[in-house]
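Heads up: the sequence shown begins at 1 in the UniProt record's numbering, then just goes up one per residue.
Glycine included, C-beta positions come from ideal geometry on N, C-alpha and C.
Every value quoted in this text rests on a predicted model; they were computed, and no experiment measured them.
To start, the structure itself, in structure tokens.
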Amino acid sequence: MSSTLSDEKSTPFPEEQAGLGQQDLPLSKDELEPAPDGGLRAWLVALGAASIFFCCLGFSNSFGTFTEYYLTHQLSHRSPDDVAWIGSLSAFLQFFVGMIGGPMFDRYGSKVIHPAAVIYIFAVMMLSLCKTYWQIMLVQGVLMGVTMGFLQFPAMGSLSQYFDKKRAAAFGLAISGSSIGGIIMPIAVSKMLNILRARLPPSAASFLIPSAFLEARYNFIVISIFFVFLGMFMPIIFLPTYAVSQGMGATLAGYLPAILNAASTFGRIIPGVLADKYGRLNVYAFGSFITSIVIFCMTATKNNAGIIAYAAVFGFTSGTIISGATVSITGCAKDPRSIGTYTGMGLALGAIGALIGPPIDGAFVKHYVGFFEAAMFSGAMCLFGGIVILMAKLASPEGIFSRS
């Protein structure tokens, strides 16, 4: 009898194991134990993940500072949508690469982080040498975007293995590292770009689990991520530029991403804690709806005080989206060992919205010579993404009124 039970416990999930290429490696006794949901090692993993998000998402969330600088300096001959392609490509790749980074973590563990960290540091150094549009595009848009993807998804996968009941809280805490990075990096970059000057002038495994897409809830979550990403990056990238157009100084405008990310620290931790109690999809949907309303109101702010307050409000409301989307996807994986692949596939497809959203916004800004139409478009996309999340709840066994 005990032998039979042992065999049943060690039986792998056939569809997902086939996708991972690990059908001959059943779970060990230790691996069958539930996630610790706490303890020194688990929280150290969360701290390590927060450090990675500090460097990756913190840097990409600071692109608004770079946008303003590029448009007034070495890329002044380029249009806003041209510059937006740099940030959108980086944002797209850092999630799309999850199609590879997630499965690689499932196969090889955290070793994936080591070479990616070295290449990421190299890319940051090379960015300081870039002078032309295509140099910046290749380094900041492509190389940094790819390496950020290979850093973030192993961090997400590691975190998922240590937390279950407290997973949303742990993800909120870890991803808040991006907000802390977003506080420090825009200020440092703004100081270096706008204040510091030289004294003298310059001289002359299977990487797919197809069965995941047979589940309606998973498909709806992925679709919702696409539309939410399509809309939410507009203030992140264009708020400093909008602020300057309203009379704010370039140095003060460079602080707006820091203010935004400071507020999003609380917007990621607090909703993460609430999500474990009231439902991860519920909090994710609520955050998407509120964020869409805030985006609609962007052009209603006309003075410095209003724009600064707006940055704080948007930072808080949008803080739930990245962590909420990620933790919602993890709930679809039946085998904990496939969480990396599930999140990689889902966020990779959703990241297409991050790729095309900012250039579309830039085209609106260029065509209408203003930001109102871009705000309306982005807010509508975020709102529709929230509606799709409700469809994901309808497709779940618990139903729309559940705490799922």
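For a cut-off of 8 Å, the C-beta gap from Phe-59 to Gly-181 is around 7 Å, short enough to register as a contact.
Each of Leu-390, Lys-277, Gly-145 was checked against the Cα of Phe-63, and the nearest Cα belongs to Gly-145.
Here Ile-195 is exposed: its Cβ has fewer than 16 other Cβ atoms, across all protein chains shown, within 10 Å. Taking Tyr-70 as the centre and dropping the five residues before and after it, the same chain places the C-beta of Val-83 closer than 7 Å to its C-beta, in chain order.
A direct Cα-to-Cα measurement between Gly-287 and Pro-336 gives close to 26 Å. Taking the Cα positions, Gln-140 is about 43 Å away from Pro-397.
Each of Asn-303, Phe-266, Ser-323 was checked against the Cα of Tyr-284, and the nearest Cα belongs to Ser-323.
DSSP places Tyr-69 in the uninterrupted alpha helix (DSSP H) bounded by 63-72. Taking all protein chains in view, the Cβ of Thr-132 is surrounded by fewer than 16 other Cβ atoms within 10 Å, so the residue is classified as exposed. Approximately 20 Å separates the beta-carbon atoms of Thr-320 and Gly-98; this is outside 8 Å, ruling out the contact.
Going by DSSP, Pro-210 is part of no alpha helix (DSSP H) at all; its letter is neither H nor E. Excluding residues up to 5 positions away in sequence, Cys-56, Gln-94 lie with their Cβ nearer than 6 Å to the Cβ of Met-148 in the same chain. As the crow flies, the alpha-carbon of Thr-299 is around 20 Å from that of Phe-384.
Rounded to the nearest whole angstrom, the C-alpha separation of Phe-105 and Phe-296 is 39 Å. Of the candidates Ala-116, Met-137, Pro-154, Pro-154 places its Cα closest to the Cα of Gly-340.
Cβ neighbours of Val-294 within its own chain (closer than 7 Å, five residues either side excluded): Val-313, Phe-314, Thr-317. With contact defined as three or more Cβ pairs closer than 8 Å, the segment 109-124 and the segment 160-173 are not in contact. Bounds of the alpha helix (DSSP H) holding Ala-375 are 372-395.
Distance from the Cα of Ser-264 is smallest, within the candidate group Ser-179, Val-222, Leu-193, for Ser-179.
One alpha carbon belongs to Phe-163, the other to Ala-42, and they sit about 8 Å apart.
Between Thr-72 and the set Ala-91, Ser-158, Thr-241, the nearest pair of CA atoms involves Thr-241. With respect to the 7 Å criterion, Gly-346 and Val-228 are not classified as neighbours on the basis of their beta carbons. Counting along the chain, Thr-341 sits inside the alpha helix (DSSP H) bounded by residues 339-368. Taking the C-beta atoms as reference points, Ile-269 is found no nearer than 7 Å to Gly-362.
Remark: C-beta atoms of Lys-366 and Ser-79 approach each other more closely than 7 Å. Taken in chain order, the complete alpha helix (DSSP H) segments of 4 residues or longer contained in the segment 109-145 are 113-127, 133-136. The C-beta distance from Arg-280 to Val-327 rounds to 5 Å, short enough to meet the 8 Å contact threshold. Per DSSP, Lys-277 is one residue of the alpha helix (DSSP H) stretching across 256-278. Ala-325 has its alpha-carbon roughly 15 Å from the corresponding atom of Tyr-278.
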